[in-house]
Amino acid sequence: MIRNDKTAVPTPEMLAALGAGHVAYVKPIMSEDAMKLYPQLGEIRPGLRLFTLNAADGTPIMISDSAEGAVANAWEQELVPVSLH
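Going by numbering that gives the first Met the number 0, the residue at position 85 of the sequence shown is 84; the numbering climbs one at a time, nothing skipped.
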């Protein structure tokens, strides 16, 4: 915790740990960027809109061709999914 005058401000590390193991977020991503995050995907047609499920700290968990698929995977892993725009 960083003290800023009279206010305590959480560090970036503290914010990243919020929700760890409990919350995941779904984020739209283009296929070009997905290949960087998930090199095991191999070649994917450029220009596709995909969706990633990420741990609260930003660690990629899985990728889907639909937001619904990513949300379903979060529930299967007992994570509460939230969306980022």
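Where is the CB? At the ideal position from N, CA and C, for every residue including glycine.
Between residue i and residue j, which are expected to be in contact by the criterion C-beta below 8 Å, what is the C-beta distance as a whole number of angstroms?
{"i": "Leu78", "j": "Ala23", "result": "4 Å"}
Rounding to the nearest angstrom, what Cα-Cα distance links residue i and residue j in this structure?
{"i": "Gly46", "j": "Val70", "result": "22 Å"}
{"i": "Lys35", "j": "Ile43", "result": "11 Å"}
{"i": "Ser30", "j": "Pro38", "result": "11 Å"}
{"i": "Phe50", "j": "Thr58", "result": "14 Å"}
I'd like the list of long-range same chain contacts for residue i, defined as Cβ closer than 7 Å, with 5 residues on each side in sequence excluded.
{"i": "Ile60", "result": "Ala23, Leu52, Asn53 and Ala54"}
With DSSP as the reference, please indicate the residues paired to residue i in a beta bridge.
{"i": "Leu49", "result": "Ile28"}
{"i": "Ala54", "result": "Ala23"}
{"i": "Ile62", "result": "Thr51"}
{"i": "Val81", "result": "Tyr24"}
Can you list, in chain order, the residues of its chain whose CB lies under 6 Å from that of residue i, leaving out five sequence neighbours each side?
{"i": "Ile28", "result": "Leu49 and Thr51"}
{"i": "Leu40", "result": "Met34"}
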